[in-house]
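A.B. asks: Residue numbers (the working numbering), protein chains in the order written: chain Z, 1 to 135; chain B, 136 to 270; chain A, 271 to 405; chain P, 406 to 540. Backbone N, C-alpha and C fix where the C-beta goes; we use that ideal spot for every residue, glycine too. These numbers were taken from a predicted model, which means no experiment stands behind them. Below are the structure tokens for one structure; questions will follow.
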């Protein structure tokens with residue numbers, strides 16, 4: 001079992017769309033923000049270090065269920081948890097929660113694929129990276 | 136079987152992210168653009184008319200598979216096709232294709248829920264709306 | 271002389287463009303975020319209260335000088351200061367600073383016009399609002 | 406006197422903000438889109454070629470006056486015209502017009518600075534580039 005990590009997100013006015021909610025595509029931006037933050041803060045391998053080592057992560061599949069709209073003044077937290085590693089892929093669950101009672105605004109899963117920056121192709125996640133994610 | 140409709144999208148420089156591809160959340164914006172366009176052009180009920188009748192569509196679930204990156208200078212088309220209607224929900228398949236050979240950049244499904252603007256709650260899709268989508 | 275207020279901004283990965291800097295239009299989003307934050311925190315009249323009273327602020331002119339690029343990992347602060355009030359307009363200076371030494375990334379002025387939500391037209395800023403901004 | 410060139414822009418639903426207008430920062434994205442389009446179409450030196458030659462353009466100052474809001478269903482055209490060249494800088498006037506009667510939604514000027522990608526520093530615009538812009 002992997003840990004659940006979390007990142008607080010500040011909703012910006014430009015995230016709000018004509019329906020007065022956070023725009024549905026911005027949820028993916030919040031998740032990306034959270035993963036960057038957690039790579040650095042929790043896994044201790046920042047995306048920059050990762051890139052410096054010649055690798056990157058790309059989202060290859062996203063499933064997201066929208067449960068409740070998010071308003072401008074609401075506090076938002078993105079929680080993520082690694083579900084498993086398989087070859088070049090890491091499957092990550094996420095929950096976007098809001099307000100004091102941490103109600104679920106959205107939840108889902110993202111499959112990230114590790115790619116070699118040199119070849120642009122998927123690369124088996126090295127053991128030392130998998131190791132770092134064993135938290 | 137429902138028709139497949141399509142909408143050409145112009146990639147804008149602000150859609151491109153640090154990886155020199157269209158940013159992964161912008162794909163959802165392209166799909167939304169396509170649905171607005173197709174509601175008007177193909178189903179003959181524009182979102183504005185829909186709203187004037189007291190209804191709106193919200194995305195309640197998105198599944199998207201990213202297959203190939205999209206570059207700034209590439210031509211993009213979003214194809215969508217209704218899969219089925221069920222209560223307040225319409226399930227729509229989409230394909231984002233690029234270039235002359237229409238290679239798939241991304242594909243997936245969106246579940247849209249019809250909501251009443253007055254109550255903010257899901258509303259069974261009326262027969263006359265289902266009718267309009269029988270194309 | 272009016273006070274200078276400040277708001278910390280978290281740069282998100284989606285703010286970064288193909289040049290690996292914060293995209294030039296996002297600076298305006300950071301300023302808007304700062305004004306919303308400062309209306310609430312410093313002037314004690316949140317935008318929501320303002321709207322509830324039937325008013326809104328719209329940007330009618332922006333002048334911005336870009337001095338230094340902002341990178342993803344940099345800390346950003348937006349400082350703003352009212353310069354003057356005139357009829358329906360408030361002229362506000364801003365500085366977007368970054369890093370520990372608060373180097374200027376961008377600076378400029380925004381002219382905000384107060385509008386009545388009912389008429390959609392500019393409205394002379396009422397004395398009690400001007401009063402609230404005398405800090 | 407330099408020519409005025411124009412580019413049609415399709416307003417996307419994600420461009421619309423909580424005020425039901427095109428968000429004020431997206432105007433800068435429309436201008437950038439127009440410049441990219443016109444570099445290729447009108448000046449016959451695409452941004453990609455420019456970059457391949459080791460150069461890029463960065464916006465160093467923007468002045469924009471917002472005159473009328475832009476709604477989702479409105480047609481938008483961005484017109485730009487070079488005003489002058491000076492050292493590393495090109496001063497460009499722009500007008501964002503909308504609807505059949507081409508009413509001005511916004512207008513202003515942008516100062517672009519040519520930079521060398523190698524040094525990251527401003528570079529005097531070479532005569533052959535100035536030549537290409539003599540249309």
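Tell me the residue span of the beta strand (DSSP E) that contains residue 443(P).
C.D. replies: Here residue 443(P) refers to the residue found at position 38 of the fourth chain. Where residue 443(P) is concerned, there is no enclosing beta strand (DSSP E), although the alpha helix (DSSP H) it sits in stretches over 431-446.
A.B. asks: Leaving out the 5 sequence neighbours to the left and right, which residues in its chain are closer than 6 Å to residue 224(B) when beta-carbon positions are compared?
C.D. replies: What you label residue 224(B) is simply residue 89 of the second chain in a count that begins at 1. If we look at residue 224(B) and ignore the five residues flanking it on each side, its Cβ neighbours are 246, 248.
A.B. asks: Please report the Cβ distance between residue 346(A) and residue 281(A), rounded to the nearest whole angstrom; I am assuming they are in contact, meaning their Cβ atoms lie under 8 Å.
C.D. replies: As a working note, residue 346(A) is residue 76 in the third chain. As a working note, residue 281(A) is residue 11 in the third chain. Taking C-beta atoms under 8 Å as the contact rule, residue 346(A) and residue 281(A) qualify, at a distance of about 6 Å.
A.B. asks: Between which two residues does the alpha helix (DSSP H) holding residue 400(A) run?
C.D. replies: On the third chain, position 130 is the one that residue 400(A) refers to. Unbroken alpha helix (DSSP H) run through residue 400(A): 397-402.
A.B. asks: Where DSSP assigns a beta bridge to residue 276(A), which residues make up the other side?
C.D. replies: The residue labelled residue 276(A) in the question sits at position 6 within the third chain. Residue 276(A) is bridged to 349(A).
A.B. asks: What are the residues in the segment 279-292 of chain A lying within 8 Å of chain B by C-beta distance?
C.D. replies: 283, 284, 286, 287, 288, 290
A.B. asks: So, for residue 27(Z): in the same chain, excluding its five sequence neighbours on each side, which residues have a beta-carbon less than 7 Å away from its beta-carbon?
C.D. replies: As a first step, residue 27(Z) is located in the first chain; it is residue number 27 there, counting from the start. Contacts found: 64, 96, 106.
A.B. asks: What does a CB cutoff of less than 7 Å around residue 336(A) pick up in its chain, not counting 5 residues either side in sequence?
C.D. replies: One-based indexing of the third chain puts residue 336(A) at position 66. Within the same chain, residue 336(A) has close Cβ partners 294, 376.
A.B. asks: Residue 295(A) touches chain B at which residues, Cβ-Cβ below 8 Å?
C.D. replies: Locating residue 295(A) in the third chain gives position 25, where the first residue counts as 1. Going along chain B in sequence order, the residues near residue 295(A) (Cβ under 8 Å) are 149.
A.B. asks: Out of 80(Z), 122(Z), 124(Z), which one is the CA nearest neighbour of residue 104(Z)?
C.D. replies: Within the first chain, residue 104(Z) is the residue found at index 104, counting from 1. The candidate whose alpha carbon is nearest that of residue 104(Z) is 80(Z).
A.B. asks: Spell out whether any CB of chain B is found under 9 Å from the CB atom of residue 302(A).
C.D. replies: Here residue 302(A) refers to the residue found at position 32 when the third chain is read from its first residue. Chain B contact via Cβ: absent.
A.B. asks: Looking at the structure shown, is residue 540(P) part of a helix, part of a strand, or coil, going by DSSP?
C.D. replies: As a working note, residue 540(P) is residue 135 in the fourth chain. Annotated three-state conformation of residue 540(P) is coil, per DSSP.
A.B. asks: Does the beta-carbon distance from residue 303(A) to residue 286(A) come in below 9 Å?
C.D. replies: Position 33 of the third chain, counting from 1, holds the residue named residue 303(A). Position 16 of the third chain, counting from 1, holds the residue named residue 286(A). For residue 303(A) and residue 286(A), no; Cβs fall outside 9 Å.
A.B. asks: Assign residue 186(B) to one of three DSSP states: helix, strand, or coil.
C.D. replies: Taking the second chain and counting its residues from 1, the one referred to as residue 186(B) is at position 51. Reduced to three states, the DSSP call for residue 186(B) is helix.
A.B. asks: Quick check: residue 467(P) and residue 514(P), are their CB atoms within less than 9 Å of each other?
C.D. replies: On the fourth chain, position 62 is the one that residue 467(P) refers to. On the fourth chain, position 109 is the one that residue 514(P) refers to. Result yes, Cβ atoms of residue 467(P) and residue 514(P) sit closer than 9 Å.
A.B. asks: Does DSSP put residue 13(Z) in a helix, in a strand, or in coil?
C.D. replies: For the purposes of this step, residue 13(Z) is identified with residue 13 of the first chain, where counting begins at 1. Three-state result, residue 13(Z): helix.
A.B. asks: Whose Cβ in chain Z lies nearer than 9 Å to the Cβ of residue 318(A)?
C.D. replies: Taking the first residue of the third chain as 1, we reach residue 318(A) at position 48. The contact set of residue 318(A) on chain Z, defined by CB atoms closer than 9 Å, consists of 72, 73 in chain order.
A.B. asks: So residue 540(P) packs on residue 448(P), CB below 8 Å; how close in whole Å?
C.D. replies: What you label residue 540(P) is simply residue 135 of the fourth chain in a count that begins at 1. What you label residue 448(P) is simply residue 43 of the fourth chain in a count that begins at 1. Between residue 448(P) and residue 540(P) the Cβ distance is about 7 Å, and since that is below 8 Å, they are a contact.
A.B. asks: Report the CB separation of residue 38(Z) from residue 5(Z) in whole angstroms; it is logged as a contact under 8 Å.
C.D. replies: For this step, residue 38(Z) is matched to residue 38 along the first chain. For this step, residue 5(Z) is matched to residue 5 along the first chain. Contact holds; Cβ gap of about 4 Å.
A.B. asks: Apart from the five residues on each side of it in sequence, which residues of its chain come closer than 7 Å, Cβ to Cβ, to residue 194(B)?
C.D. replies: Along the second chain, read from residue 1 onward, the residue named residue 194(B) stands at position 59. Hits under 7 Å: 245, 247.
A.B. asks: Residue 114(Z) by DSSP, collapsed to three states: which one?
C.D. replies: Residue mapping note: residue 114(Z) aligns to position 114 of the first chain, counting from 1. Note: residue 114(Z) maps to strand in three-state DSSP.
A.B. asks: Can you tell me whether residue 136(B) is buried or exposed, with buried defined as 16 or more other CB within 10 angstroms of its CB?
C.D. replies: By one-based count along the second chain, residue 136(B) stands at place 1. Exposed, since its Cβ has fewer than 16 Cβ neighbours within 10 Å.
A.B. asks: Would you tell me roughly how many angstroms separate the C-alpha atoms of residue 301(A) and residue 72(Z), rounded to the nearest one?
C.D. replies: Along the third chain, read from residue 1 onward, the residue named residue 301(A) stands at position 31. Along the first chain, read from residue 1 onward, the residue named residue 72(Z) stands at position 72. In this structure, the alpha-carbon of residue 301(A) lies about 16 Å from that of residue 72(Z).
A.B. asks: Give the interface partners of residue 299(A) over in chain Z, defined as CB-CB distance under 7 Å, in chain order.
C.D. replies: Taking the third chain and counting its residues from 1, one reaches residue 299(A) at position 29. Residues of chain Z passing the Cβ test: 12, 14.
A.B. asks: Give the single residue among 458(P), 455(P), 499(P), 474(P) whose Cα lies nearest to the Cα of residue 408(P).
C.D. replies: Stepping through the fourth chain from its first residue, residue 408(P) is reached at position 3. Here the closest residue by C-alpha is 499(P).
A.B. asks: Am I right that residue 182(B) and residue 288(A) are in contact with their C-beta atoms under 8 Å? What's the rounded C-beta distance?
C.D. replies: As a working note, residue 182(B) is residue 47 in the second chain. As a working note, residue 288(A) is residue 18 in the third chain. Actually they do not touch by this definition, with Cβ atoms about 31 Å apart.
A.B. asks: Using the DSSP secondary-structure output, state which residues sit across from residue 63(Z) in a beta bridge.
C.D. replies: The count along the first chain starts at 1 and reaches residue 63(Z) at position 63. Paired residue(s): 109(Z), 198(B).
A.B. asks: Is the separation between the beta-carbon of residue 263(B) and that of residue 434(P) shorter than 9 Å?
C.D. replies: Walking along the second chain from the start, residue 263(B) turns up at place 128. Walking along the fourth chain from the start, residue 434(P) turns up at place 29. It is not a contact, given that the beta carbons lie outside the stated cut-off.
A.B. asks: Quick check on residue 449(P): does DSSP put it in helix, strand or coil?
C.D. replies: Here residue 449(P) corresponds to residue number 44 of the fourth chain, with the count starting at 1. Residue 449(P): coil per DSSP, three-state reduction.
A.B. asks: So what's residue 69(Z) in DSSP terms, helix, strand or just coil?
C.D. replies: Counting from 1 along the first chain, the entry for residue 69(Z) is found at position 69. Here residue 69(Z) sits in coil by DSSP.
A.B. asks: For residue 320(A) and residue 121(Z), what's the separation of their Cα atoms in angstroms?
C.D. replies: The residue you call residue 320(A) lines up with position 50 of the third chain. The residue you call residue 121(Z) lines up with position 121 of the first chain. Distance between the alpha carbons of residue 320(A) and residue 121(Z): 52 Å.
A.B. asks: Does any residue of chain A bring its CB to less than 9 Å from the CB of residue 471(P)?
C.D. replies: To locate residue 471(P), count along the fourth chain from 1; it is residue 66. Chain A, which has a Cβ nearer than 9 Å to the Cβ of residue 471(P), makes this yes.
A.B. asks: What is the residue span of the beta strand (DSSP E) that residue 90(Z) lies within?
C.D. replies: Looking up residue 90(Z) in the first chain gives position 90. Note, residue 90(Z): beta strand (DSSP E), 89-98.
A.B. asks: Would you decide whether residue 22(Z) is buried or exposed? Buried here means 16 or more other CB atoms lie within 10 Å of its CB.
C.D. replies: The residue labelled residue 22(Z) in the question sits at position 22 within the first chain. Residue 22(Z) is buried by the Cβ-count criterion.
A.B. asks: Spatial neighbours of residue 268(B) within its chain, please: C-beta separation below 8 Å, excluding the five flanking residues on both sides.
C.D. replies: Walking along the second chain from the start, residue 268(B) turns up at place 133. So the list reads 137, 178, 217, 220, 225, once near-sequence residues are dropped.
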